[in-house]
Amino acid sequence: MDKLNLRPEEGESTPRAVAVLATDPAGDAFIPPHAHRRGQLIHAISGVMMVSAEPGSWVVPTGRGVWVPPGMTHQIRMAGEVKMRTVFVEPGTRADLGADCRVIHVGALLRELIVAAVSLPLDYPPGGRDERVMELILDEIEAAPALSLHVPMPRHARLAALCEALIRDPSQPATLDGWAERLHMNARTLARLFERETGMTFGAWCRQARLLLSLPRLAAGASILEVALAHGYESPSAFTAMFRRTLGVPPSQYLQQKKER
């Protein structure tokens, strides 16, 4: 069954407790604030999303997903071309899915299960292989720990626009003085605003955003030189030093650990 670009309502009114829909929106699309009766895992199999809800806002690149509990208002902005896959879960199906938003790592198994589930009928027969695929998806979501390596987005509109521009092109220079000038405020005021809005300093946010955005490209086989230059670093050694400071290991060792898990 082709479930590409079905309306979200069709994922909320299925006869089964779990449904997976595929959405390939136009570049830089924006889904305005809305809420769903069912809980949902929002995941991009390619591209980068910015998901905002009452508890916070997060950058969600390939390899990450955000669990949004039932009834929570949220909005989604796409950075470029995105292929979004959404798991809808009937309230009360699994208590351990939680009533709070959280960002999780979408590993290879969960990703392939979600991709496979897109082709399953919305009224798949109970007790068979299709239902077991859906149950395993829920098992994997439950087992995935909340990630500390995530990037909160500010709610301040003009500041958020600058953050979104950096996410779309992490190679561009970003300085506190430069952003303050563009926002027509002094650097100290911007520094306080940034920390109040995100809980992070300006420098820490930029480093973490670039690091998070680099992970999918590293995992896809891009060289450290290519990734370093694409994410605003003058050399591979500068990128590797930042990577080691943040994650405790160099990029090559981090990727090897991921493969062994």
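Residues 20 to 280 (our numbering) are what the sequence shown spells out, left to right.
Ideal Cβ positions, reconstructed from N, Cα and C, are used throughout, including at glycine.
Close-in-space but distant-in-sequence residues of the same chain around residue i (CB under 6 Å, 5 per side omitted)
i, result
"Ala249", "Ser190"
"Pro235", "Pro80, Thr81 and Gly82"
"Leu139", "Asp149"
"Phe258", "Ala247 and Tyr252"
"Ser65", "Thr81 and Lys102"
"Pro239", "In the sequence on display, residue 239 carries Ala and not Pro. Same-chain partners within the cutoff: there are none."
Residue i (DSSP reduced to helix, strand or coil)
i, result
"Leu139", "coil"
"Ala98", "strand"
"Met219", "coil"
"Leu166", "coil"
"Ala4", "Residue 4 lies beyond the range of the chain shown here (20 to 280); nothing can be said about it."
"Ser233", "helix"
"Gly30", "helix"
"Leu202", "coil"
"Ser254", "coil"
"Ala72", "strand"
"Arg121", "strand"
"Pro270", "helix"
"Met153", "helix"
"Thr208", "helix"
"Ala13", "Residue coverage of the chain in this structure runs from 20 to 280, which leaves residue 13 outside it and unanswerable."
"Ala41", "strand"
"Ala54", "coil"
"Ala176", "helix"
"Thr265", "helix"
"Ala48", "coil"
"Arg83", "strand"
"Ala63", "strand"
"Arg113", "coil"
"Arg35", "coil"
Whole-number beta carbon distance between residue j and residue i, since they are thought to touch under 8 Å
i, j, result
"Ile19", "Val39", "The chain is shown from 20 up to 280; residue 19 falls before or after that span and cannot be answered."
"Met69", "Met172", "6 Å"
"Ala63", "Val37", "Wrong, their Cβ atoms sit about 19 Å apart, outside the cutoff."
"Gly99", "Leu60", "At roughly 21 Å, the Cβ-Cβ gap does not stay under 8 Å, so Gly99 and Leu60 are not in contact."
"Gly30", "Phe107", "4 Å"
"Leu237", "Pro269", "Not really, about 11 Å apart at Cβ, beyond 8 Å."
"Asp196", "Ala206", "5 Å"
"Met97", "Pro27", "Wrong, their Cβ atoms sit about 15 Å apart, outside the cutoff."
"Ile123", "Ala163", "4 Å"
Span separating the alpha-carbon of residue i from that of residue j
i, j, result
"Arg57", "Ala48", "23 Å"
"Glu279", "Arg201", "Reliability of the predicted coordinates at Glu279 is poor, the pLDDT of 49 falling under 50, and no value is obtained from them."
"Ile95", "Cys182", "15 Å"
"Val170", "Arg151", "33 Å"
"Thr194", "Phe213", "13 Å"
"Thr42", "Ile186", "21 Å"
"Glu6", "Leu232", "One cannot answer for residue 6 here, as it falls past the ends of the chain, which runs 20 to 280."
"Thr105", "Pro192", "34 Å"
"Ala118", "Pro51", "22 Å"
"Ala210", "His175", "13 Å"
"Ser71", "Leu244", "32 Å"
"Thr208", "Met261", "27 Å"
"Val78", "Asp115", "24 Å"
"Thr112", "Gln272", "38 Å"
"Ser256", "Met219", "25 Å"
Close Cβ partners of residue i (< 7 Å) along its chain, the five nearest in sequence each way excluded
i, result
"Arg121", "Trp86 and Ala165"
"Pro110", "Arg57, Gly58 and Pro89"
"Leu128", "Glu159"
"Leu155", "Leu132"
"Val125", "His62, Gly82, Arg83 and Gly84"
Own chain partners of residue i with C-beta closer than 8 Å, once the 5 adjacent residues on each side are dropped
i, result
"Ala54", "Gly90, Met91, Thr92 and His93"
"Ala135", "Val152"
"Arg177", "Leu202"
"Pro34", "Leu141 and Asp142"
_Can you confirm whether the segment 81 to 90 touches the segment 134 to 144 when touching is taken to mean that 3 or more C-beta pairs between the two stretches lie within less than 8 Å?_
no
*asked:* Whether or not the segment 223 to 239 and the segment 253 to 266 are in contact is what I'm after, with contact meaning three or more pairs of Cβ atoms, one per stretch, closer than 8 Å; do they touch?
replied: yes
*Examine the Cβ distances between the segment 146 to 161 and the segment 197 to 212 and report whether three or more of them are shorter than 8 Å.*
no
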